[in-house]
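Each residue of the sequence shown is one higher than the one before, starting from -17 at the first, in the numbering used here. Below you'll find the structure, written out as structure tokens, and then a few comments.
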Amino acid sequence: MIRLTDVRKVYHTRSGDNVVLDGVGFELAMGERLGVLGRNGAGKSTMVRLISGAERPTSGRVERGMSVSWPLAFGGAFQPTLSGIDNIR
-17 MIRLTDVRKV
-7 YHTRSGDNVV
3 LDGVGFELAM
13 GERLGVLGRN
23 GAGKSTMVRL
33 ISGAERPTSG
43 RVERGMSVSW
53 PLAFGGAFQP
63 TLSGIDNIR
């Protein structure tokens, strides 16, 4: 089981706070799958890093009642300076 409860992630930048996720919550049972679609900068990669444990939420809870394996826990999969298309090449 993976459960996110009222998850909020804020990055502090020179130009101010960037709220990437706010109030996100869901539960996935063993064997369930989730597809996430969104524009660039919508928080998809951030959510993957939170689920994998590579990052911690600003507030809320991320619970993993199972191990998380590659590619989710692989932090080197995404290069933040590249576009989504360039990351998959």
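Even glycine gets a Cβ: it sits at the ideal position worked out from N, Cα and C.
Residue j beta carbon less than 8 Å from that of residue i
i: residue 72; j: residue 8; result: Only positions -17 to 71 of the chain appear in the structure, and residue 72 is not among them; the question remains open.
i: residue 5; j: residue 21; result: no
i: residue 42; j: residue -12; result: yes
i: residue -17; j: residue 47; result: yes
Buried/exposed call for residue i, threshold 16 Cβ in 10 Å
i: residue 16; result: exposed
i: residue 27; result: buried
i: residue 34; result: buried
Spatially closest choice to residue i from the options, by CA coordinates
i: residue 29; options: 65, 2, 68 and -3; result: 2
i: residue -7; options: 39, 50 and 14; result: 39
i: residue 11; options: 65, 45 and 68; result: 45
i: residue 90; options: 68, -4, 13 and 18; result: Nothing can be reported for residue 90, as the shown portion of the chain is limited to -17 through 71.
Legend entry - Those runs of the beta strand (DSSP E) which lie wholly inside the region -10 to 30 and span at least 3 residues: DSSP assignment within the region -10 to 30 yields the following whole beta strand (DSSP E) runs of 3 residues or more, N-terminal first: -2 to 10.
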